[in-house]
Amino acid sequence: TVPEAVALMPDLRYLWVDNNELTGTLLTTWTISFIARMEEITFSNNKLYGPIPLALVASSETGNIELRLSKIDGSNNNFTGTIPSSFGLLPTWKYIDFSHNMLTGSIFPSQYLDKLEVLRLNDNMFEGAIPKFPANCKTLELQGNNLSGDFDNIMHIQSLEVLSLNGNFSGTLPSKLVGMKKLRYLDLNNCSLTGTIPWIFENMKDLGMPCPAK
3 TVPEAVALMP DLRYLWVDNN ELTGTLLTTW TISFIARMEE ITFSNNKLYG
53 PIPLALVASS ETGNIELRLS KIDGSNNNFT GTIPSSFGLL PTWKYIDFSH
103 NMLTGSIFPS QYLDKLEVLR LNDNMFEGAI PKFPANCKTL ELQGNNLSGD
153 FDNIMHIQSL EVLSLNGNFS GTLPSKLVGM KKLRYLDLNN CSLTGTIPWI
203 FENMKDLGMP CPAK
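Numbering (our numbering), first residue to last: 3 to 216.
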């Protein structure tokens, strides 16, 4: 697993340990002071399991510490448990990816994360209604969960380029989607949608371009 000594390196700002064979849980030695000085932490494509470190949540609730953490990628592991709603209070987030895990509960509200551009929580076991998201989000991938509700909390995101809701929702496709002029990738497979959608192809000229790689 990730050595405990990592948390004791005072000048460390970026921790990238993706695409390894790391096992075990994330460090309990990850203190608030360690998280506060980090800018990016990525540990995707490993065999890590257990809950997300409490320090990540606690750091978002600490108003008297200057936080720098903008990117976290824990995708393609075996994390379980929930992501507490306080996770959505860390104002420095730009990139959050916990896709392809076994996380449960509801998706944390993130409408106040003004810098957030990429949110990937797809292929987990999240339930409930989709919360509100920040207006400047560019990539929103929530497919492969058990979400419900309508599109109201998405329609205001005019900056969206990638929207994937595969396997969630039902009903008719809202005509307001036509206002998303920047949308390049739209995945609504297996959503039991009804009605017609000719307006998509008439007004969304960029639609159909390949989804950008991570």
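We treat Cβ as the ideally placed atom computed from N, Cα and C, and that holds for glycine.
Do residue j and residue i count as a contact pair if the criterion is CB distance below 8 Å?
| i | j | result |
| --- | --- | --- |
| residue 97 | residue 119 | yes |
| residue 7 | residue 32 | no |
| residue 82 | residue 50 | no |
| residue 167 | residue 152 | no |
| residue 52 | residue 28 | yes |
| residue 121 | residue 94 | no |
| residue 2 | residue 133 | Look at the range of the chain in this structure, 3 to 216, and you will see that residue 2 is not part of it. |
So, with DSSP's three-state summary, where would you put residue i?
| i | result |
| --- | --- |
| residue 77 | coil |
| residue 91 | helix |
| residue 6 | helix |
| residue 224 | For residue 224 there is no data in the structure shown, the boundaries of the chain being 3 and 216. |
| residue 14 | coil |
| residue 211 | Bear in mind that a pLDDT of 47 at residue 211, under 50, signals an unreliable position, so the number given afterwards is only what the model happens to contain. Here residue 211 sits in coil by DSSP. |
| residue 179 | helix |
| residue 195 | strand |
| residue 173 | strand |
For the beta strand (DSSP E) containing residue i, list its first residue and its last residue.
| i | result |
| --- | --- |
| residue 98 | 97-99 |
| residue 122 | 120-122 |
| residue 36 | Taken as a continuous stretch (DSSP letters only), residue 36 belongs to no beta strand (DSSP E), being part of the alpha helix (DSSP H) at 34-39. |
| residue 109 | Element bounds for residue 109: n/a, residue is neither H nor E. |
| residue 148 | 148-150 |
| residue 132 | Run containing residue 132: none; DSSP gives neither H nor E here. |
| residue 143 | 141-143 |
| residue 43 | 42-44 |
| residue 164 | 164-166 |
| residue 188 | 187-189 |
| residue 26 | 25-27 |
Since I believe residue j is in contact with residue i (beta carbons under 8 Å), could you give me their beta-carbon distance rounded to a whole number of angstroms?
| i | j | result |
| --- | --- | --- |
| residue 170 | residue 193 | 6 Å |
| residue 77 | residue 46 | 4 Å |
| residue 115 | residue 131 | In fact, because the Cβ distance is near 18 Å, the residues do not count as touching under 8 Å. |
| residue 125 | residue 99 | The pair is not a contact, with the Cβ atoms about 11 Å apart (cut-off 8 Å). |
| residue 101 | residue 123 | 6 Å |
Quick one: what's got a C-beta closer than 7 Å to residue i's C-beta in the same chain, skipping five residues either side?
| i | result |
| --- | --- |
| residue 15 | 39, 40, 41 |
| residue 174 | 195, 196, 197 |
| residue 80 | 49, 50, 51, 103, 104 |
Tell me which same chain residues have a C-beta within less than 8 Å of the C-beta of residue i, skipping the five on either side of it?
| i | result |
| --- | --- |
| residue 178 | 153, 157 |
| residue 13 | none |
| residue 160 | 137, 181, 182, 183, 184 |
| residue 127 | 104, 105, 106, 147, 148 |
Going along the chain, which residues of its own chain have a beta-carbon closer than 6 Å to the beta-carbon of residue i, five neighbours each way excluded?
| i | result |
| --- | --- |
| residue 20 | 44, 46, 47 |
| residue 181 | none |
| residue 191 | 168 |
| residue 55 | 28, 32 |
Kindly examine the ligand GDP and report whether one of its heavy atoms sits closer than 7 Å to the Cβ of residue i.
| i | result |
| --- | --- |
| residue 48 | The ligand GDP is not among the ligands present in this structure, which contains no ligands whatsoever. |
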